[in-house]
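A.B. asks: There's a structure below that I have some questions on.
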Amino acid sequence: MLKVTIGQYYHADSFIHKLDARMKLLCTIIFITVLFFVGNFLGYALAALYLAIVIKISKVPPRFLFRGLRAIFFIIIFTTFLNIFFTQVGNVVLEIGFIRITDVGLVNAARMGTRLVMLIIGSSILTLTTTPIQLTDAIEFGLKPFKKIGVPAHEIAMMMTIALRFIPTLVEEMDKIMKAQMARGADFDTGGIIKKARSLVPLLVPLFISSFRRADDLALAMEARCYRGDIGRTRMKQMKLKTRDFQALGFLALFIAFVVALEYLANIWGIW
Amino acid sequence: MSIKIENLTHIYSKGSPFEKKALDNVNITIEKGEFIGLIGHTGSGKSTLIQHLNVLLRPETGSIIIDGENIGADKSRLKAIRSKVGLVFQYPEHQLFEMTIFKDVAFGPSNMGISAEETKKRVEDALEIVGISPDIYEKSPFELSGGQKRRVAIAGVLAMKPEVLVLDEPTAGLDPRGRDEILGRIKDMHEKLNLTVILVSHSMEDIARLVDRIFVINHGKIALSGKPAEIFAQIEALEEIGLASTQTAYVAKSLQEAGFMLPDGIYTPEHIVEEILKEVNKC
Amino acid sequence: MEHIVKTENLVFEYRVAIEGDESAIETKAALNGVDITVSKGEFVAVLGHNGSGKSTLAKHINCLLSPTSGGMWVKGISVTDDEQLWDIRSSVGMVFQNPDNQIIATIVEEDVAFGPENLGVMPAEIRQRVDDALLSVGMEKYAENPPHHLSGGQKQRVAIAGILAMRPDIIVLDEPTAMLDPIGRREVMRVVKKLNSEGITIIFITHYMDEAAQADRIIVMEEGKVVMEGTPAMVFEQIEPLKAIGLDVPQVAEIADGLRRAGVALPQGILSVEHLVEEICRLK
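Residue numbers (my numbering), protein chains in the order written: chain A, 159 to 430; chain B, 12 to 294; chain C, 8 to 291.
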């Protein structure tokens with residue numbers, strides 16, 4: 159079975175869960191931006207501490223966060239190696255043939271790896287503590303200013319909601335079709351790339367057909383429930399910023415203040 | 012071709028918080044040529060059980076012996092076992108994918124490396140027994156009606172020439188006409204091809220019409236087993252599981268309680284009419 | 008009694024390409040002159056096999072399809088009146104066959120809120136309606152769950168709650184139990200009967216005779232026409248005609264019929280086990 163953390167809400171009753179999705183989205187974006195400005199490892203340690211505190215408060219078991227990491231493990235490895243091999247400035251640490259590894263390269267790689275890991279964990283906390291629909295609402299809200307220039311904010315949000323709703327259904331369906339074709343002797347594991355690609359046809363064709371059928375049904379059901387885009391539409395859950403949202407923002411601001419201070423001190427003391 | 016399931020236990024997501032015991036020490040013996048009904052509601056473990064029969068799930072605890080061979084023991088025998096035990100999933104028409112009916116049915120046999128000539132013969136035989144006429148072989152399976160699609164999908168499994176045919180809810184979502192058509196074809200397959208058939212259903216009426224023996228599965232365990240007459244008489248036990256006996260069985264039971272001398276194990280309308288007439292005519 | 012749904016010579020035609028000839032088009036009638044009336048608060052079951060036109064009829068009630076000719080009125084409003092389309096849709100709820108394909112949101116209560124949100128109901132009012140609707144179908148405990156973990160019967164109850172939150176006068180259910188197991192079927196049936204007892208008009212399409220037997224009235228359709236109509240007792244007495252069009256009869260009706268044929272004097276209209284047993288006991 160496919161296990162994708164992104165878009166998988168973990169139900170719990172915590173301070174983080176109760177935060178306004180827009181605030182969480184904003185905080186996540188700020189946090190990620192800050193990650194890319196942090197240059198020294200004390201800053202990363204601080205960011206890690208910040209994340210650890212947030213995870214603790216969120217009551218999400220850490221293994222759920224690491225599951226998200228597994229999915230992009232190769233991207234992390236790839237970026238790390240890219241940094242190691244393609245940074246040519248600094249003192250040479252190791253040189254084999256045309257491969258030259260420098261200390262700056264290693265530091266850059268470590269930096270990039272750390273950033274990516276924290277980026278994923280940070281955004282996973284957002285998706286794990288925010289129902290996809292709240293998240294979609296937050297994105298819709300964020301996109302509203304762009305509506306004037308023709309960005310279909312509501313439609314994008316609705317599409318995301320439906321996609322998220324149907325991911326588990328389609329994963330389940332794929333599992334079923336795969337088993338059914340295996341029962342007819344289909345083999346998805348062996349053979350070269352071409353054979354493997356061809357063996358996907360019996361899997362993908364039924365999956366597409368079923369998706370079309372579902373889309374058809376769904377459109378009908380939505381129409382029957384008076385859906386007509388965002389014309390005259392209200393929302394049950396009104397997004398209202400509460401005290402706790404400002405507390406969260408304050409906490410983040412505090413973190414940024416520390417990071418900036420550290421950065422400044424690091425420059426003075428000459429640490430990385 | 013006997014099937015012997017011994018102490019089969021299966022646990023999903025072992026060790027995780029979602030751990031679920033789907034099968035709990037199941038023991039079943041099925042003889043060659045038997046027509047078996049497997050009843051249980053969603054989540055009872057019946058899907059897990061049938062997936063074991065053609066090694067889509069490998070027995071973790073316990074064993075399944077088919078024709079003296081312990082299946083799941085040898086990975087290289089996988090294809091051979093899968094062709095011996097044909098498994099028709101729920102809504103099998105959802106797996107159709109080929110351009111033509113013929114090609115779709117040929118998918119199974121060609122996966123097994125059978126010659127084109129033999130495949131052709133098998134496809135024709137399989138389509139004939141499900142009642143698809145040769146003039147539409149080259150049609151796209153997606154142009155067929157719901158019931159026809161399902162029969163084509165069943166033919167796709169039959170073309171592998173299984174000795175055991177397992178069908179998971181073959182009548183789900185069909186109208187009465189489509190249901191009768193499919194059940195009639197399954198009966199044919201059992202009789203003409205001498206297949207061992209395992210029919211999974213929650214329709215007591217369907218089961219009552221066809222099978223020799225019934226297993227009722229509940230919470231991963233075999234809760235009841237026996238001939239239809241024995242099973243359908245156990246109204247309370249069935250209700251406890253959330254199933255119901257046939258309406259006829261209820262009538263028979265009420266009449267017995269009212270002092271009618273009816274034999275036990277009546278579950279079809281024809282049978283009860285006959286018995287009531289005997290009683291009424293006595294007076 | 009007040010008519011809430013009424014059709015007059017309702018015809019719906021659609022075009023299909025003729026096989027082998029790309030340009031030729033054939034017109035087929037899914038509904039071929041249907042005249043029905045449904046009274047306010049009634050529970051009507053519609054029987055008929057696939058392709059008999061029953062789903063097409065259902066879709067007309069919600070204006071998802073519009074008639075080729077003939078007329079149809081819902082609450083006195085003609086379905087061809089485009090300006091009143093949303094009025095009709097908001098008073099007619101539809102529940103479809105596949106429980107998976109009608110739930111839009113990723114959280115149960117958000118899905119139930121979808122309808123009233125589309126209607127522009129005020130947030131506080133939506134909240135109230137959602138809570139009431141979930142309570143009414145017995146799904147209040149699952150308000151914050153994701154729908155894909157629910158059983159089929161539970162999903163259908165959520166779908167019904169989503170309709171209820173729109174406060175409809177009529178609910179049309181198009182084979183809502185076809186994909187469910189016996190437990191799920193019973194759950195849905197119980198909810199439907201409860202809603203009917205609270206005054207909602209129910210139009211229930213099904214293949215299951217035991218479900219149809221619980222309605223006030225049965226309409227049997229075949230080839231786009233109404234071929235039989237009446238109380239369950241009246242309809243299920245017509246064993247031969249029903250079987251001729253490929254439909255079932257409840258076993259009780261079949262037993263009663265078998266006995267009658269053998270010369271046993273049983274009254275007409277026996278549909279329940281209790282009734283049949285009582286009548287047979289009287290013979291002794």
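Glycine residues also receive a C-beta, built at the ideal position from the N, C-alpha and C atoms.
Mapping DSSP to helix, strand and coil, what is alanine 172 of chain C?
C.D. replies: Residue state, collapsed to three classes: coil.
A.B. asks: Quick one: is isoleucine 352 of chain A buried, meaning 16 or more other Cβ sit within 10 Å of its Cβ, or exposed?
C.D. replies: Isoleucine 352 of chain A is exposed by the Cβ-count criterion.
A.B. asks: Quick check on DSSP: helix, strand or coil for methionine 186 of chain C?
C.D. replies: Coil.
A.B. asks: Could one say the Cβ of leucine 160 of chain A lies closer than 9 angstroms to chain C's Cβ atoms, at least one of them?
C.D. replies: Because leucine 160 of chain A carries a pLDDT of 40, less than 50, the predicted location of this residue cannot be relied on, and the following value inherits that uncertainty. No, leucine 160 of chain A lies away from the interface with chain C (no Cβ there is under 9 angstroms from its Cβ).
A.B. asks: My output table needs one value for glutamine 214 of chain C: the three-state DSSP class, helix, strand or coil.
C.D. replies: It is worth fixing the name first, because residue 214 of chain C is histidine in this sequence and not glutamine. The answer is coil: DSSP assigns histidine 214 of chain C none of H, G, I, E or B.
A.B. asks: Under 7 angstroms, CB to CB, which of the residues in the region 396-412 of chain A have a partner in chain B?
C.D. replies: Residues passing the 7 angstroms Cβ filter: none.
A.B. asks: What does the Cβ neighbour count give for valine 251 of chain A, buried or exposed, with the cut at 16 atoms within 10 Å?
C.D. replies: Result: exposed.
A.B. asks: With a threshold of 16 other CB atoms inside 10 Å of the CB of methionine 216 of chain C, please say whether the residue is buried or exposed.
C.D. replies: So methionine 216 of chain C counts as buried.
A.B. asks: Using a Cβ-Cβ cut-off of 6 angstroms (strictly less than) and excluding sequence neighbours within five positions of leucine 178 of chain B, which residues of its own chain qualify?
C.D. replies: Within the same chain, leucine 178 of chain B has close Cβ partners Val99, Leu210.
A.B. asks: Could I get the ranges of all uninterrupted alpha helix (DSSP H) runs contained in the region 213-270 of chain A, with 4 residues as the minimum, in chain order?
C.D. replies: If we require 4 residues or more, the alpha helix (DSSP H) runs fully inside the region 213-270 of chain A come out as 220-229, 231-244.
A.B. asks: Do the region 118-137 of chain C and the region 376-393 of chain A meet, that is, are 3 or more Cβ pairs less than 8 angstroms apart?
C.D. replies: Touching, per the Cβ criterion.
A.B. asks: Among C:Pro153, C:Gln163, C:Gly48, C:Val165, whose alpha-carbon lies nearest the alpha-carbon of arginine 224 of chain C?
C.D. replies: Considering only alpha carbons, the answer is C:Gly48.
A.B. asks: State the DSSP-derived secondary structure class of valine 198 of chain C, mapped to helix, strand or coil.
C.D. replies: DSSP places valine 198 of chain C in helix when its eight states are reduced to three.
A.B. asks: Looking at arginine 402 of chain A and phenylalanine 132 of chain A, is the spacing between their C-beta atoms short of 9 angstroms?
C.D. replies: Residue 132 of chain A is absent from the model: chain A starts at 159 and stops at 430.
A.B. asks: Is the beta carbon of glycine 1 of chain C sitting closer than 9 angstroms to the one on glutamate 15 of chain C?
C.D. replies: The structure shown has nothing for residue 1 of chain C, since chain C only spans 8 to 291.
A.B. asks: Using a Cβ cut-off of 7 angstroms, pull out every chain C residue sitting near aspartate 186 of chain B, in sequence order please.
C.D. replies: Ordered by position in chain C, the residues that pass the 7 angstroms Cβ test against aspartate 186 of chain B are His56, Asn57, His214.
A.B. asks: Helix, strand or coil: how does DSSP classify aspartate 347 of chain A here?
C.D. replies: Looking at aspartate 347 of chain A - three-state DSSP - the assignment turns out to be coil, as it is neither helix nor strand.
A.B. asks: Does the region 200-219 of chain C come into contact with the region 42-57 of chain C, if we say contact requires no fewer than three beta-carbon pairs (one atom in each stretch) closer than 8 angstroms?
C.D. replies: Touching, yes, given that three or more Cβ pairs across the two stretches are closer than 8 angstroms.
A.B. asks: Which residue marks the beginning of the beta strand (DSSP E) containing isoleucine 233 of chain B, and which one marks its end?
C.D. replies: Element bounds for isoleucine 233 of chain B: 232-237.
A.B. asks: At a cut of 8 angstroms, does the region 345-362 of chain A reach the region 83-90 of chain C through at least three beta carbon pairs?
C.D. replies: Segments in contact, no.
A.B. asks: Which of the three DSSP states is assigned to leucine 176 of chain B in this structure?
C.D. replies: If DSSP states are grouped into helix, strand and coil, leucine 176 of chain B belongs with the strands.
A.B. asks: Are isoleucine 114 of chain C and threonine 287 of chain A touching if we call contact CB-CB under 9 angstroms?
C.D. replies: Against a cut-off of 9 angstroms, the Cβ pair of threonine 287 of chain A and isoleucine 114 of chain C comes out as no contact.
A.B. asks: Starting from the beta carbon of lysine 381 of chain A, find every residue of chain C whose beta carbon is closer than 7 angstroms, and list them in chain order.
C.D. replies: For clarity, residue 381 of chain A is glutamate in the given sequence; the question names lysine instead. In chain order: Leu71.
A.B. asks: For glutamate 17 of chain B, collect the residues of the same chain with a Cβ closer than 8 angstroms to its Cβ; drop the 5 residues on either side in sequence, then sort them by chain order.
C.D. replies: Hits under 8 angstroms: Asn38, Gly73, Ser74, Ile75, Ile76.
A.B. asks: Just grab the DSSP bridge partners of valine 227 of chain B for me.
C.D. replies: Paired residues: B:Ile50, B:Leu235.
A.B. asks: If you measure beta-carbon to beta-carbon, which residues of the region 325-339 of chain A are closer than 7 angstroms to chain B?
C.D. replies: Answer in chain order: Lys334, Ile335, Lys337, Ala338, Gln339.
A.B. asks: Whole angstroms is fine: what's the gap from glutamate 247 of chain B's alpha carbon to glutamine 267 of chain B's?
C.D. replies: Distance between the alpha carbons of glutamate 247 of chain B and glutamine 267 of chain B is about 15 angstroms.
A.B. asks: Pull the bridge partners of methionine 318 of chain A from the DSSP assignment, please.
C.D. replies: In the DSSP output, where bridge partners are listed per residue, methionine 318 of chain A has none listed.
A.B. asks: Considering only residues of the same chain and omitting the five flanking positions on each side of glycine 231 of chain C, which have a CB-CB separation below 6 angstroms?
C.D. replies: Ala36, Ala37, Leu38, Asn39, Gly60, listed in sequence order.
A.B. asks: The beta strand (DSSP E) with arginine 224 of chain C in it runs from where to where?
C.D. replies: First-last of the beta strand (DSSP E) with arginine 224 of chain C: 224-229.
A.B. asks: Measuring straight from C-alpha to C-alpha, what distance separates isoleucine 252 of chain B and arginine 383 of chain A?
C.D. replies: If you take the alpha carbons of isoleucine 252 of chain B and arginine 383 of chain A, they lie about 36 angstroms apart.
A.B. asks: Could you spell out where the alpha helix (DSSP H) holding methionine 215 of chain B opens and where it closes?
C.D. replies: Where methionine 215 of chain B is concerned, the enclosing alpha helix (DSSP H) stretches over 215-221.
A.B. asks: Is there a C-beta anywhere in chain A that falls below 9 angstroms from the one on aspartate 264 of chain C?
C.D. replies: Aspartate 264 of chain C does not count as touching chain A.
A.B. asks: When Cβ atoms are compared, which residues of the region 167-183 of chain B fall closer than 8 angstroms to chain A?
C.D. replies: Listed by position, the residues of the region 167-183 of chain B near chain A (Cβ gap below 8 angstroms) are Gly167, Val168, Met171.
A.B. asks: Hey, how far is the Cα of lysine 66 of chain C from the Cα of leucine 72 of chain C?
C.D. replies: Distance between the alpha carbons of lysine 66 of chain C and leucine 72 of chain C is about 6 angstroms.
A.B. asks: Taking buried to mean at least 16 other C-beta atoms within 10 Å of its own C-beta, is methionine 159 of chain A buried or exposed?
C.D. replies: Unreliable placement is indicated for methionine 159 of chain A, whose pLDDT of 35 sits below 50; the coordinate value is still reported in the next sentence. The residue in question, methionine 159 of chain A, is exposed, as its Cβ has fewer than 16 Cβ neighbours within 10 Å.
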